[in-house]
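Residue numbers (the UniProt record's numbering), protein chains in the order written: chain A, 1 to 690; chain B, 1 to 690. Each residue gets a CB set at the ideal place from its N, CA and C atoms; glycine is no exception. As structure tokens, the structure follows; a few thoughts come after it.
Number of protein chains: 2
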Amino acid sequence: MECDKATVEKIQPYGVARSTVTGKPLSKEEIKQYDDFFKASLYLCLGMIYLIDNPMLKEPLKKEHIKSRQLGHFGSAPGQIFTWMHMNRLIKKHDLDALFVSGPGHGAPAVLSQSYLEGVYSEVYPDMSEDLEGMQRFFKQFSFPGGIGSHATPETPGSIHEGGELGYAISHAFGAVFDNPNLIALTMVGDGESETGPLATSWHSNKFLNPITDGAVLPVLHLNGYKINNPTLLARIPHEEIEQLFLGYGWTPYFVEGSDIESMHQAMAATLERCVDDIRGYQKKARESGKPFRPRWPMIILRTPKGWTGPRKVNDKYLEGYWRAHQVPITGVKTNPKDLKTLEDWMRSYEPERLFGEDARISDELKSLCPTGLRRMSANPVGNGGALRKPLKLPNFRDYAIQVPEPGATSGASMSNFGIFLRDVVKKNPNNFRLYGPDETESNKLGDVYQAGKKVWLGEYFEEDSDGGNLAPAGRVMEMLSEHTVEGWMEGYVLSGRHGLLNSYEPFIHIIDSMVNQHCKWIEKCLEVEWRVRVASLNILLTAVVWRQDHNGFTHQDPGFLDVVANKSPEVVRIYLPPDGNCLLSTMDHCLRSSNYVNVIVADKQNHIQYLTMDEAVIHCTKGISIWSQYSTDLGAEPDLVMASCGDISTNESLAAIDLLLQNSPSSRSAASTASTCSSSSATPTTRTA
Amino acid sequence: MECDKATVEKIQPYGVARSTVTGKPLSKEEIKQYDDFFKASLYLCLGMIYLIDNPMLKEPLKKEHIKSRQLGHFGSAPGQIFTWMHMNRLIKKHDLDALFVSGPGHGAPAVLSQSYLEGVYSEVYPDMSEDLEGMQRFFKQFSFPGGIGSHATPETPGSIHEGGELGYAISHAFGAVFDNPNLIALTMVGDGESETGPLATSWHSNKFLNPITDGAVLPVLHLNGYKINNPTLLARIPHEEIEQLFLGYGWTPYFVEGSDIESMHQAMAATLERCVDDIRGYQKKARESGKPFRPRWPMIILRTPKGWTGPRKVNDKYLEGYWRAHQVPITGVKTNPKDLKTLEDWMRSYEPERLFGEDARISDELKSLCPTGLRRMSANPVGNGGALRKPLKLPNFRDYAIQVPEPGATSGASMSNFGIFLRDVVKKNPNNFRLYGPDETESNKLGDVYQAGKKVWLGEYFEEDSDGGNLAPAGRVMEMLSEHTVEGWMEGYVLSGRHGLLNSYEPFIHIIDSMVNQHCKWIEKCLEVEWRVRVASLNILLTAVVWRQDHNGFTHQDPGFLDVVANKSPEVVRIYLPPDGNCLLSTMDHCLRSSNYVNVIVADKQNHIQYLTMDEAVIHCTKGISIWSQYSTDLGAEPDLVMASCGDISTNESLAAIDLLLQNSPSSRSAASTASTCSSSSATPTTRTA
């Protein structure tokens, strides 16, 4: 294909820095310091990927020093480190409360290197000390059997976002800053990740952020240029197009592009400073005036070569600035002496001896570039959100009991009754709980919650909105027609120490199968990390049940989400199928108090026969399963037939079946039966059969 | 929140047409005709939603004429109809080959009304004739027990896109136009749908479209303004923002905005004409020069009131131009005489008597606005792609056999060997087969295919690309880091009569659980629609199996996709777990020949022990399960132990276990065993246990 040379030149990641902001905030001396810090960090990344011994290269590099299986990804490390360390300057300058969210796949080396240099890693894991022995252990454990993974896994201090499956960096970051007015989530988005659907729509999260009560997300789209084996889309479109795209998403994109070290340091320092100033300015304006608005929040588009600072070519093949820099950048070091030498030269180019010195620890001068204490991004308390979690203030659910004067003969609105309870949960927890959903809260009969908290909306307002729009810049209900985004927000909100409930249609919840899987893995792994404190459970309420989709058709019928959930470890999942309104109240109260589970509650939004008084419901739900003797005719004898059911619809159908049986063979003992239950308290595959 | 009045005025859907293109191609007479056609169409939509009798309102409307349960969605119908009918003018003018893809949720009334007016519906379903009786049946069957659904279901002539679950209109449309150089897929995207992740990233499909060999997608983003109960994001951002967004996505957005009928007809006619001219111009330029390029393809942003032409308010509440117009627009007609009267007045405002006359059939003059024969969009052959399907030209898979001199002791590269076969499949089917995947083809050891067809890439090119980039504007491999998009492309490609294979990692295929579910439902339903011809199977090859993810960590481990698939009807799904390389060849040959299934093949990409010669493999795969007597010691007696396995890894492990058993109790008969198989030919839940 014909290429326009000028177009291509403008999007190549090489040369002197090209940037929107042109200030030069750094002195020569500071540039030197930042560059030393950069080199020290990069050295650690290569060490993690390659070395099992000789961590400081005190002796010539031999193949025995190399891990027998080298794993890990170098490609995104330079850009991530570059961003992290320049943010440190502003954290120190303004005493910022900042969190780092690492989006790029397998981005752990960057994050770990910063945590180690900030001293947090050694505080959390004392055997990974800042000395020769500690460095050796630190290198060895990375992507090593019994060690840690190549993502920002739960073991990583300061992480609430593992990655692995890509697409959720931005939605997680927004979840973390909602109701955290002072927090800035500095969020690296890989340009690979940016191609995913969930990430592509999550940029619109800025229409749901209130500058008065929420913090800010500062995204850095890292145009690293390549995925595993392909260029990335956003790195290969004309400059004006990508600028328009992000203006269109409602952001102010500031570009930092190039490879020349000195000018890039200046450009990044100046640009981050502008972004932080913008954020603080918008927040000040909104908070002082009391008038929330939607600014075009700043973001950075950082274009650097993939594997930046690595060798441009190895064995006559492009490495730096190409997809070959994605993972382990030089693969023949164990077998090819020439490759080994190339690696050694490369590692030595980061001057480990000078930077880490005799003690294998960076100088105090370099250390002083980092913030201290909890201001270090890898020590931000939000990164261990469970420790910040305050229990929800819950009204007494018994006060919301549905009266059941005639068990099995009274009809009641289980879900809208629960909606009243939920309204009061919202009222009592104005900063600690949000309700999430993809535009179905009203349809799901939960509209009463709007009395306590409207739908957050920072888009434009029309006159019609006053006629039942229930929109407000400050609200408690989060609705966007993206199950991915609302689920991602809720995950971020919960992982940073708060509480949430997602309401959605059962048939479409499969859309987020993989997100729920990943969250389950995260909380399961957290159980093994002793410093991780349990977070609130992720509560998913499915209301438009698959049984009731005759009018919507076959596309709206699919009960399989429960199979996906039931697959998971019982340590982290629960499925609840309450049979009636009082059981629903009891179940939800339990779920909202629980921690570290994914709770899936399936309950129909339509009117239903009510069976149990509140006292009976509590007993039933506490057991999880019970024989309903009031609907049984066995009188304690061995029954001829046992009817078992789970959930409101199937209980209804089972009881109707019993009724039919008794009508047809009234004299027979065979109609004896037990009606069983619904709120499973184990993760047994509680699926339904028609 | 403070609103900027001027900003809001520019994005309201009312008033005289505001449009980018300002020509006036229609005469007064033509405007009159188009408006009559519009009214006739809208009348049909209301008829479908409401009427069970009195279809032509020959007598005053009574509640007995109203369906007892009214279902269906009116909101998006006017805009969709408006677009469809103005496209007709250009189809006729240029003899275009065009397909209509209806994205908005529950958008069937619009599509059905056009199919009925074009005469296609009556040709396909003769009892739905164009007369009073036929119209009554046509109305009654809609969203009625035993009738048809409210989406463009398989029963809908011309549909390859049902919707229901939103997000795939654009990716399906692109799939349909790949290798269909004359086809234009006119694709309505709902502004609700546009909030979903899959849709948000699918706009980037334009970087994968070759103007020489592919057709064109003409998207119409319909800013209807509302979802079920909320405004839509894209309808509530400043005008410049949405323009920038689509410029940034690489499109040329042409706006058509307003509610004034006459000027809107002119604007839409002129704008569609410009778009078609642009498309034809770009295609001509590329095809005459032989030089593919990526133009900023045209698209339309159509902003009209939701429920356009309906009553602005009903019972003092906003209807037209508000979310209340989403579904059944007036809900009290069965119980409230005033509502019934409002509906009757509304329906009569479309002048059914004048437009359909005595015979309940529109005049020949109005009919003449439609194209004829296969040029009618509801009759486009692509809408029944199975009828266009040509079998793949497959090389003889036996020619690619892995030699197995020592069964169970030879190691071989099953997947890369299959890659050679796949290369030749690509070579032999240059316009009829594409390989899809999210940037993993090389990693999945299928890189040999690039010799026959490179990766399609219409982004910018860098010098480095010549060093193993394997990119080309004309290629056969489709890679984008969005499982949603590549799956959507493949669905569109297959549904329009071609063949495809998706290769991906097993752990991340959960991302498209819901898409696979929806495709299964589509093909299952097609079995009941007698005119639907079977399409090629959707082949999903999972290569980075969950057993081999130790290095990638817990995030990369999840075998649950097979559970999701095994949930589906055996009429439409197959799971294959070939134990070795020759079985893989035999399995893939079978899958590529099959039709109307979702075939999921799980096979490891790493080197593997080879067990079966090709002849043995064919026998084994034909049976689907077999006793491997060569690895058994039971000698026909009742074995003490049966080892059963599925798939390459578990077969390997089972045989190793047998080996250990025999070593430890060599004299015992108890080590007798059977090794069983992997390529299940039924949809039995072939899951794996460790």
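To be precise: take each residue of the stretch 554–567 of chain B, compare its Cβ to all Cβ atoms of chain A, and keep it if any distance is under 7 Å. Which residues remain? For the stretch 554–567 of chain B, the set of positions with a beta-carbon nearer than 7 Å to some beta-carbon of chain A reads F554, T555, H556, D558, G560, D563, V564 and N567 in chain order.
query: Alpha carbon to alpha carbon, how far is R296 (chain B) from G250 (chain B)?
result: 5 Å
Under 8 Å, with one C-beta from each stretch per pair, do the stretch 266–283 of chain A and the stretch 287–296 of chain B reach the 3-pair mark?
Touching, no, given that fewer than three Cβ pairs across the two stretches are closer than 8 Å.
Interface partners of R532 (chain B) on chain A, CB under 9 Å: Chain A residues near R532 (chain B): none, gap ~15 Å exceeds 9 Å.
Rounded to whole angstroms, what's the CA-CA distance from Y50 (chain A) to D179 (chain A)? Just pull it up for me. 42 Å
P231 (chain B) bridges to which residues according to DSSP? B:Y226
Check: For G248 (chain A), which of helix, strand or coil comes out of DSSP?
Finding: For G248 (chain A), the three-state secondary structure derived from DSSP is helix.
| query | So is Y168 (chain B) in contact with chain E if we call contact Cβ pairs under 8 Å? | reply | Looking for chain E here will not work: the only protein chains present are A and B.
So with CB distances below 7 Å, who are the chain B contacts of V8 (chain A)?
Chain-ordered, the chain B residues with CB closer than 7 Å to the CB of V8 (chain A) read E460 and F462.
Do we get a CB-CB distance below 8 Å when we pair H151 (chain B) with the residues of chain A? yes
Query - For T587 (chain B), the first and last residue of its enclosing beta strand (DSSP E) - result: Per DSSP, T587 (chain B) belongs to no beta strand (DSSP E); it is in the alpha helix (DSSP H), G581 to R593.
inquiry  = For D659 (chain A), count the other beta carbons within 10 Å of its own beta carbon; 16 or more makes it buried, fewer makes it exposed. Which is it?
reply    = Exposed is the call here.
Note to self: Please state the DSSP three-state secondary structure of K367 (chain B).
What the structure shows: helix
Next on the checklist: Under 8 Å, Cβ to Cβ, is there at least one residue of chain A near I11 (chain B)?
Outcome noted: yes
Q) Got a sec: which bits of the stretch 179–200 of chain B sit with their beta carbon under 7 Å from any beta carbon on chain A, in order along the chain? A) G192, E195, T196, G197, P198 and A200
At a Cβ cut of 7 Å, what residues of the stretch 498–531 of chain B count as close to chain A, listed as they run along the chain?
-> F508, H510, I511, D513, S514, N517, Q518, K521 and K525
Strictly by DSSP, which residues pair up with L502 (chain B)?
B:Y436 and B:I540
Am I right that V101 (chain B) and A216 (chain B) are in contact with their C-beta atoms under 8 Å? What's the rounded C-beta distance?
Rounded, the Cβ-Cβ distance is 13 Å, inconsistent with contact.
With contact counted as at least three CB pairs below 8 Å, one residue from each stretch, are the stretch 142–157 of chain B and the stretch 179–196 of chain B in contact? no
Could you tell me the distance, in whole angstroms, from the CA atom of V8 (chain A) to the CA atom of I212 (chain B)?
23 Å
Exercise for the section: Express the C-alpha separation of Q606 (chain B) and D648 (chain B) in angstroms, rounding to a whole number. Expected result: 10 Å
* Quick one: list the residues of chain B neighbouring M480 (chain A), beta-carbon separation under 8 Å, in chain order. => E195 and L233
What does DSSP give as the partner residue(s) for Y254 (chain B) in the beta ladder?
Looking at the DSSP output, Y254 (chain B) shares a beta bridge with B:I300.
* Where does Q80 (chain B) sit, in a helix, a strand or coil, going by DSSP? -> helix
* Asked: Between the C-alpha atoms of G47 (chain A) and F139 (chain A), what's the straight-line distance to the nearest angstrom?
  -> 6 Å
Problem set entry | Partners in chain B for Q266 (chain A), counting only beta-carbon separations shorter than 9 Å | Going along chain B, no residue has its Cβ under 9 Å from Q266 (chain A), so there is no contact; the nearest lies around 26 Å.
For Y14 (chain B), tell me which candidate among B:C370, B:L90 and B:W308 has the shortest Cα-Cα distance. Minimum Cα-Cα distance from Y14 (chain B) among the listed residues B:C370, B:L90 and B:W308 corresponds to B:W308.
With a threshold of 16 other CB atoms inside 10 Å of the CB of S19 (chain A), please say whether the residue is buried or exposed.
buried
Practice task
Kindly say whether A690 (chain B), judged by its beta-carbon, lies nearer than 8 Å to any beta-carbon of chain A.
Solution key: Below a pLDDT of 50, predicted positions are generally treated as unreliable, and A690 (chain B), at 25, falls in that range; the measurement from the model is reported next regardless. So, not an interface residue.
In this structure, how does DSSP classify T335 (chain B) when only helix, strand and coil are distinguished?
coil
Taking R236 (chain A) as the query, report the chain B residues whose CB atoms sit under 7 Å from its CB, ordered along the chain.
-> G459 and E460
Give me the subset of the stretch 317–344 of chain B whose CB atoms are less than 9 Å from a CB atom of chain A, sorted by chain position. K317, Y318, G321, Y322, W323 and R324
Touch check for the stretch 533–551 of chain A and the stretch 503–519 of chain A: three-plus C-beta pairs under 8 Å?
yes
Please confirm whether T686 (chain B) has its beta-carbon closer than 8 Å to some beta-carbon of chain A. Residue placement at T686 (chain B) cannot be trusted, given a pLDDT of 29 that sits under 50; the coordinates are not used to answer.
For K63 (chain B) and N336 (chain B), what's the separation of their Cα atoms in angstroms? Between K63 (chain B) and N336 (chain B), the alpha-carbon positions lie close to 9 Å from each other.
Quiz item: Is the beta carbon of L422 (chain B) sitting closer than 8 Å to the one on L394 (chain B)?
Solution: no
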